[in-house]
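Structure first, then comments.
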Amino acid sequence: MTTAEAGTVYLVGSGPGDPELLTVKARDLLESADVVLHDRLPGPEILDLVPEERAEDVGKRAHSDKRTTQAEINDRLVEYARAGKSVVRLKGGDPFVFGRGGEEAEYLAAHDIPFEVVPGVTSPVAAPGVAGIPVTHRDHASSVTFVTGHEDPTKPESTVDWAALAETGGTIVVLMGVTRLPEYTTALVEAGMDPETPVALVERGTRPNQRVATGTLATIVAARDEADIEPPAVTVIGGVAGVREELEAFLR
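Just so we're aligned: 13 in UniProt numbering is position 13 of the sequence shown, and the numbers increase by one with no gaps anywhere.
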C-alpha cells in the first residue's frame, strides 16, 4: 500500500484534564476519527467525549494487570492507518512532553505512515498555573526545567543530574515524581540547594478533584503524606512555589 492510500495518524494532546482546555482541533478530531487509541491519563471527562465503539484503551487491559506495550501500540497505529482509517493517538498533556509521541512519530515515519502532531496544553505549566504558581517570574526565576520523575526502567542508572539542577537557580518542575519525592528532594539538598526552598505538589491539576500540598525541600515529603497526594501530580521546586500563598485567596 502506498502512503497516499494510508489513513492519517494524529498524535493529539488532550491537555491537563479539564475538557474546556482541549484545543478546538483536538475536539474536532475526537468527534471525527475512525478510532481513538488512549490510556486513562486524559481523564474521564475527556474520554467520555469518544463513543465507546470508536475508543480503544491501550493502557491497562480490561480484567488484567497487563499493560499494552509501546511496541503493540506502535503496531496498532500502523495497522489501522494501512487499513485507511483516520486514527487519533490521544495523550495526556502534550504528546511531545514526556508523552512518547516522539517515539511514535519515528515509528510512523519509518513505516511510511502520514501523521500530524496536535499540541496540547502541557501539565507542567497548566497545573501549577491554575494553583496560583507561575513557573517563571521576574523576581524568582528566569528559567524553568522540566524533569521526569519516572525514567525508563531499563536504564542502568538515572540520567537526571540533580546536582546540576540545584545550581541553575530556576524553577524545577517534576512530572510523575510523587513516589520518588524523598529521593530527589534529598539529592537537591545534598547538592547545596537551600532546604527552605519552597515546593508545591499539584495533584490532578485543572480537574474538579485538584489538590495542592505546599512546603519546602525539608518538609514537602511530610506535607505530601499528610495531604495524601497521589499520582498524577506535578512537583514545583523554587521561589515561584511561594507565590501561591499571595494568590490563593483570590483564585477561582
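A virtual CB, placed ideally from N, CA and C, is assigned to each residue, including glycine.
Of the listed residues the options, nearest to residue i (C-alpha basis)
i      : options               : result
Asp28  : Val78, Val118, Thr69  : Val118
Leu90  : Ala127, Thr136, Ala33 : Ala33
Leu11  : Glu52, Glu103, Pro19  : Glu103
Val88  : Asp112, Thr145, Leu47 : Leu47
Ile113 : Val78, Val24, Glu45   : Val78
Under 9 angstroms between C-beta atoms of residue i and residue j
i      : j      : result
Leu30  : Val9   : no
Val202 : Ile133 : yes
Gly238 : Thr197 : yes
Ala141 : Gly169 : yes
Leu175 : Val243 : no
Residues of its chain near residue i, where Cβ-Cβ distance is below 8 angstroms and the 5 sequence neighbours each way are ignored
i      : result
Glu56  : Val35, Val36, Leu37, His38, Arg76
Val58  : Leu37, His38, Asp39, Thr68, Glu72, Ile73, Arg76
Val160 : Val147, Thr148, Glu151, Tyr184
Val240 : Pro128, Ile133, Pro134, Val135, Thr136, His137, His140, Ala141, Thr171, Pro198
Ala222 : Gly215
Where the alpha helix (DSSP H) containing residue i begins and where it ends
i      : result
Glu25  : The question names Glu, but residue 25 is Lys in the sequence shown. First-last of the alpha helix (DSSP H) with Lys25: 24 to 32.
Asp75  : 70 to 82
Asp225 : 220 to 227
Arg40  : No alpha helix (DSSP H) holds Arg40; DSSP gives it neither H nor E.
Gly102 : 101 to 110
Glu116 : From DSSP, Glu116 is part of no alpha helix (DSSP H) but of the beta strand (DSSP E) over 115 to 118.
Gly129 : 123 to 130
Same chain, Cβ closer than 6 angstroms to residue i, five either side skipped, listed in chain order
i      : result
Val236 : Pro128, Ile133, Val173, Ala200
Thr214 : Ala200
His63  : For His63, the predicted model reports a pLDDT of 48, less than 50, meaning its position is unreliable; a value from the coordinates is still stated below. Closer than 6 angstroms at the Cβ level, and outside the excluded window around His63, lies no residue.
Arg211 : Glu203
Ala227 : Ala213
Residue i - containing beta strand (DSSP E), residue span
i      : result
Pro198 : 198 to 203
Gly13  : 9 to 13
Ala191 : That residue, Ala191, is in no beta strand (DSSP E); it is neither H nor E in DSSP.
Same chain, Cβ closer than 7 angstroms to residue i, five either side skipped, listed in chain order
i      : result
Pro16  : Gly93, Val121, Ser123, Ala126, Ala127, Gly205, Thr206
Thr216 : Pro195, Glu196, Thr197, Pro198, Val199
Beta bridge counterpart(s) of residue i as assigned by DSSP
i     : result
Asp57 : His38
heavy atom of the ligand GTP below 8 angstroms from residue i C-beta
i     : result
Thr69 : Within the structure as shown, the ligand GTP is missing, as the structure has no ligands at all.
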